[in-house]
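Q: My questions will all concern the structure given below.
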Amino acid sequence: MAIDRKWNCASCSLGNDAQSDSCRRCAAPRRHAARGGSAGFAALLSGLLPGLGQLYQERWVRGLFMLLVPGFAIALVGALVLVADPLTRTVVRNAGLAALLVVASLFAYHVAVVADAFAGGLARGAHVGRRILDYAILGVVTVTLVGGYGTVYRESAAWAAVTTKVFEPIVVFTPTVADQSPPPAWSGKERLNVLLLGVDRRDGGEQTENTDTLIVLSLDPLNSTAAMLSIPRDTLVTIPGHGQDKINAAYSYGGAQRGPELVRRTVEGLLGIPVHSFVLIDFPAFTKIVDSFGGVLVDVKRPLRDEEYPTADAGIERLQMVAGPQLLNGDDALRYARSRHDSNDFSRARRQQDLLAAIRARLVQGGLGRIPAIVDRVGTAVQTNFDPANVLPLARTGTAIDGRAIRSEVMLPCEAPDADHCELNEEQSVLGYYLIPDKARVAELVSSLFYDPRVRQEAAQVEIRATGARGTSVRSVVERLGARSFTVSRVTEGATARTAVILRNPATRHSAEALAKHLGIGVVEDPAEAADADIVVRLGSDFRSLATDLRIRN
78 MAIDRKWNCA SCSLGNDAQS DSCRRCAAPR RHAARGGSAG FAALLSGLLP GLGQLYQERW
138 VRGLFMLLVP GFAIALVGAL VLVADPLTRT VVRNAGLAAL LVVASLFAYH VAVVADAFAG
198 GLARGAHVGR RILDYAILGV VTVTLVGGYG TVYRESAAWA AVTTKVFEPI VVFTPTVADQ
258 SPPPAWSGKE RLNVLLLGVD RRDGGEQTEN TDTLIVLSLD PLNSTAAMLS IPRDTLVTIP
318 GHGQDKINAA YSYGGAQRGP ELVRRTVEGL LGIPVHSFVL IDFPAFTKIV DSFGGVLVDV
378 KRPLRDEEYP TADAGIERLQ MVAGPQLLNG DDALRYARSR HDSNDFSRAR RQQDLLAAIR
438 ARLVQGGLGR IPAIVDRVGT AVQTNFDPAN VLPLARTGTA IDGRAIRSEV MLPCEAPDAD
498 HCELNEEQSV LGYYLIPDKA RVAELVSSLF YDPRVRQEAA QVEIRATGAR GTSVRSVVER
558 LGARSFTVSR VTEGATARTA VILRNPATRH SAEALAKHLG IGVVEDPAEA ADADIVVRLG
618 SDFRSLATDL RIRN
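In case it helps, the working numbering puts the sequence shown at residues 78 to 631.
What follows is the structure in structure tokens.
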């Protein structure tokens with residue numbers, strides 16, 4: 078005997094009595110009834126992806142709506158958090174609560190969608206055995222959702238703790254008028270320059286805070302390369318608002334809140350490049366990071382002996398290390414990085430770079446999932462002004478770079494023996510020991526380290542042709558391109574025309590494309606262009622400025 082069952086309207090999803098020939102809401106005929114299918118299977122599909130079960134039941138509008146709502150809501154809330162600065166501060170300060178609310182909301186929504194799919198399947202009715210199976214499937218789906226979202230919350234809570242501990246000291250700080258020099262933005266595609274600061278915080282009588290380590294780390298996502306440049310702490314620089322002094326004094330001028338930003342601005346002025354962000358770490362945090370990896374493997378290049386290594390209680394002790402590969406724990410790694418009485422600041426800077434490379438290698442081995450545990454151990458001792466939204470892209474970029482593609486250099490004095498380059502001049506006076514930077518040589522080192530090596534290899538001859546741009550703009554472009562390894566062979570004037578990059582020599586295509594990227598335009602290939610250069614850059618009246626990556630900060 079056939080059993081009359083309720084049916085769902087395909088147009089509006091309303092359940093109707095078995096005897097009805099048309100929908101009592103929209104009057105659609107019964108032949109347009111939606112296929113109910115198995116309630117349990119529909120719930121399973123919506124458990125896999127919200128709305129999929131409704132689509133299976135041919136409730137198209139409802140299914141698409143449920144499928145798109147979560148993504149739209151997440152995108153909208155994310156955009157509001159990123160754009161509205163007060164909201165960003167609130168989320169960062171309460172990242173744990175924000176993670177709970179987001180995960181709980183998604184869980185509640187997902188359960189509601191599964192329940193709707195299940196109810197839609199039951200509306201048609203089913204025999205007792207089938208209903209028992211449907212409810213069993215629903216139970217499995219529900220338990221799976223509880224477990225899955227529980228796991229998601231545990232992981233997100235760990236990353237939320239990372240966000241709060243690392244970024245809260247920055248977002249709660251309101252800069253004064255003198256501090257209004259925001260770091261340049263990073264799109265995630267161009268080169269990123271980060272200032273790494275190691276701060277000496279020692280307790281014992283009067284607390285001292287000196288920058289013991291200053292390293293500029295530059296990551297190139299396009300070419301998957303990286304570079305490190307160590308700046309000696311005795312380098313004489315101009316500190317914004319404080320005149321000339323050694324670079325390691327900049328942090329103490331600014332104090333715990335403004336110090337890192339003041340050092341960042343000082344380094345920008347010294348190197349002539351944008352420094353997008355800083356990462357500050359003190360000595361106790363450094364030892365905890367190394368210990369969290371179970372130590373780091375370092376190849377000690379030469380035996381190390383320091384009779385006057387400073388201790389935490391302001392005393393001294395003997396430090397000895399033999400040459401060869403060694404697994405160093407946190408305390409030993411710190412000693413290896415800080416010791417300078419056996420050699421000098423320059424060899425110590427190279428040891429610090431070796432340690433950073435070793436830490437990176439251990440991080441790559443353990444994966445990004447190790448980061449929350451590390452930050453949990455070091456607490457707020459690690460600080461940065463880096464945009465939280467870019468942390469994961471940065472981590473992926475950093476771990477994707479092969480260790481052999483990382484170049485390391487130290488700014489060296491010209492008095493140093495056997496140095497293949499030098500940028501500093503030593504000066505000893507009654508005021509103390511200083512390293513005076515040679516601006517031209519510093520610019521040359523920066524160009525070779527932090528900008529596209531393929532541009533240097535191609536050595537393309539570039540003609541800058543003014544076709545409507547102002548003279549000051551043309552001179553600025555010539556200066557900036559020259560500082561970035563582009564060889565400007567001549568500057569000419571031409572008939573009025575729009576800004577363009579014209580490639581005459583196909584062998585220099587990479588350089589042409591790099592120039593076009595900085596100008597925000599495409600490359601025009603025209604071997605017949607009247608010029609002696611490999612590439613012609615026309616600067617028309619529509620030219621405004623170069624990309625951020627090419628702006629030199631004075």
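The beta-carbon is built from N, C-alpha and C at its ideal position, and this holds for glycine as well. All figures in this text were calculated on a predicted structure; none of them were measured in a lab.
In chain order, what residues of the same chain lie with their CB nearer than 8 Å to the CB of Pro402, ignoring the 5 residues before and after it?
A: Counting only Cβ-Cβ distances below 8 Å, and skipping sequence neighbours, we find Leu374, Val375, Asp376 and Val377.
Q: Quick check on the burial criterion: 16 or more other C-beta atoms within 10 angstroms. Buried or exposed for Leu299?
A: exposed
Q: Quick one: any contact between the stretch 521-536 and the stretch 586-594, if contact means 3 or more CB pairs under 8 Å?
A: Per the Cβ contact rule, the stretch 521-536 is in contact with the stretch 586-594 (3 or more Cβ pairs under 8 Å).
Q: Could you name the residues that DSSP lists as bridge partners for Ala355?
A: It is Phe, not Ala, that sits at residue 355 in the sequence shown. DSSP, once it has assigned bridges, lists Leu272 as partnering Phe355.
Q: Using three-state DSSP, classify Ala477 as helix, strand or coil.
A: helix
Q: Sort Val399, Ala95 and Ala213 by Cα distance to Ala119 and report the nearest one.
A: Ala213
Q: Which word fits Phe149, buried or exposed, when buried means at least 16 other C-beta atoms lie within 10 angstroms of its C-beta?
A: exposed
Q: Assign Thr251 to buried or exposed, taking buried as 16 or more other Cβ atoms, counted over all protein chains shown, within 10 Å of its Cβ.
A: Confidence is the limiting factor: at Thr251 the pLDDT is only 44, short of 50, which leaves the residue's position unreliable, though a coordinate-based value still follows. Exposed is the call here.
Q: Going by DSSP, what residue range makes up the alpha helix (DSSP H) through Tyr528?
A: Element bounds for Tyr528: n/a, residue is neither H nor E.
Q: DSSP on Pro298, reduced to helix/strand/coil?
A: coil
Q: According to DSSP, is Glu283 helix, strand or coil?
A: With a pLDDT of 43 at Glu283, under the threshold of 50, the predicted position of this residue should be treated as unreliable, and no value is reported.
Q: Can you tell me the Cα-Cα spacing of Leu381 and Tyr413, whole angstroms?
A: 8 Å
Q: Which of the three DSSP states, helix, strand or coil, is assigned to Lys365?
A: helix
Q: Comparing alpha-carbon positions, which option in Gln505, Asn93, Val441 and Asp497 lies nearest Thr474?
A: Val441
Q: Which of the three DSSP states, helix, strand or coil, is assigned to Lys378?
A: Looking at Lys378 - three-state DSSP - the assignment turns out to be coil, as it is neither helix nor strand.
Q: Quick check: what's the CA-CA separation for Val138 versus Leu132?
A: 8 Å
Q: Classify Ala181: buried if its beta carbon has 16 or more other beta carbons within 10 angstroms, exposed otherwise.
A: exposed
Q: Sorted by chain position, which residues of the same chain lie with C-beta nearer than 8 Å to Val340's C-beta, five sequence neighbours on each side aside?
A: Leu272, Leu274, Thr288, Leu291, Ile324, Ala327, Tyr328, Gly331 and Phe355
Q: What residues are listed by DSSP as bridge partners for Ala543?
A: Looking at the DSSP assignment, Ala543 forms a beta bridge with Glu570 and Leu616.
Q: Is it buried or exposed for Tyr528, if we count other Cβ within 10 angstroms and need 16 for buried?
A: Its Cβ being crowded by 16 or more others within 10 Å, Tyr528 is buried.
Q: Less than 8 Å separating the beta-carbons of Glu503 and Glu492?
A: yes
Q: Give me the Cα-Cα distance between Gly155 and Gln134, rounded to the nearest whole angstrom.
A: 32 Å
Q: By the DSSP assignment, the alpha helix (DSSP H) with Asp497 in it spans what residues?
A: Premise fails: Asp497 is in no alpha helix (DSSP H) and is neither H nor E.
Q: Just to confirm, are Phe184 and Leu222 a CB contact at a threshold of 8 Å?
A: With contacts defined by Cβ atoms closer than 8 Å, Phe184 and Leu222 form a contacting pair.
Q: First and last residue of the alpha helix (DSSP H) that includes Gln131?
A: Leu129 to Tyr133
Q: Between Ser618 and Gly545, how many whole angstroms is the CB-CB distance? I'm expecting something under 8 Å.
A: 4 Å
Q: Do you know offhand how far Asp611's Cα is from Asp603's?
A: 10 Å
Q: With a threshold of 8 Å between beta-carbons, can Phe370 be considered close to chain B, or not?
A: Among the chains in the structure shown there is no chain B, since it carries only a single protein chain.
Q: Excluding the 5 residues preceding and the 5 following Thr585 in the sequence, name in chain order all residues of the same chain whose CB lies nearer than 7 Å to its CB.
A: Glu535, Ala537, Asp611 and Ile612
Q: Name the two residues that bound the continuous beta strand (DSSP E) containing Thr315.
A: Leu313 to Ile316
Q: With a cut-off of 8 Å on the beta carbons, I'd call Arg518 and Glu500 a contact; round off their distance for me.
A: 4 Å
Q: By a C-beta neighbour count over all protein chains shown, 10 Å radius and 16 as the cutoff for buried, is Ile209 buried or exposed?
A: Per the 10 Å Cβ criterion, exposed.
Q: Counting only runs of 4+ residues fully inside the stretch 570-612, write out the alpha helix (DSSP H) ranges in chain order.
A: 586-596
Q: Where does Arg561 sit, in a helix, a strand or coil, going by DSSP?
A: coil
Q: From what residue to what residue does the alpha helix (DSSP H) around Ser485 run?
A: Per DSSP, Ser485 lies in no alpha helix (DSSP H) segment; the continuous beta strand (DSSP E) that holds it begins and ends at Ile483 to Val487.
Q: Hey, quick one: how far does the beta strand (DSSP E) through Gln334 stretch, first residue to last?
A: Counting along the chain, Gln334 falls outside any beta strand (DSSP E), though it belongs to the alpha helix (DSSP H) covering Ala327 to Leu348.
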